[in-house]
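Everything on this sheet refers to the single structure shown next.
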Ligand SMILES: [Zn+2]
Ligand SMILES: [Zn+2]
Ligand SMILES: [Zn+2]
């Protein structure tokens, strides 16, 4: 496990991290590049408002920024550029989120969940 990613991987496992790790182990992928790629990917699925992993549906503003499904109902305009929200969803980012799993964040809870299931699980988690 990468040192820089310890915090991140406490709650988040990224499928491509494991794919990249195998390439790194095989000497095909430079470890620095691997680190860069994984962090960039995680950054791209963060909601720019709450900085949590964005839970779909991800609605876009007219300039292409998105807000997560928790933040969007609380905003009347885009939090980054103040443009109006459209009805368009960012399916590309939603698909990346669908490849990720996370722990719920309560210590001791062993369950690993799809990102879209984390919120519902947290409400009834026996470890909270
Ligand atoms: Zn958010
Ligand atoms: Zn915007
Ligand atoms: Zn839990």
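Numbering (this note's numbering), first residue to last: 1 to 128. Just so it is clear, CB atoms sit at the ideal spot from N, CA and C, and this is done for glycine as well.
Limits of the unbroken beta strand (DSSP E) element including residue 60 | 59-61
Straight-line gap, residue 96 to residue 39 (C-alpha atoms, nearest Å) | 13 Å
Continuous beta strand (DSSP E) stretch holding residue 139: start and end | What the structure shows of the chain is the stretch from 1 to 128, and residue 139 is not part of that stretch, so it cannot be assessed.
Please look up how many angstroms separate the CB atoms of residue 68 and residue 50, rounded, as I've assumed it's under 8 Å.
-> About 6 Å separates the beta carbon of residue 68 from that of residue 50, a gap short enough to meet the 8 Å contact definition.
Sequence-distant residues of the same chain with beta carbon closer than 6 Å to residue 121, five excluded per side = 104, 113
What is the DSSP secondary structure of residue 39, counted as helix, strand or coil?
-> In this structure, residue 39 counts as helix in the three-state DSSP scheme.
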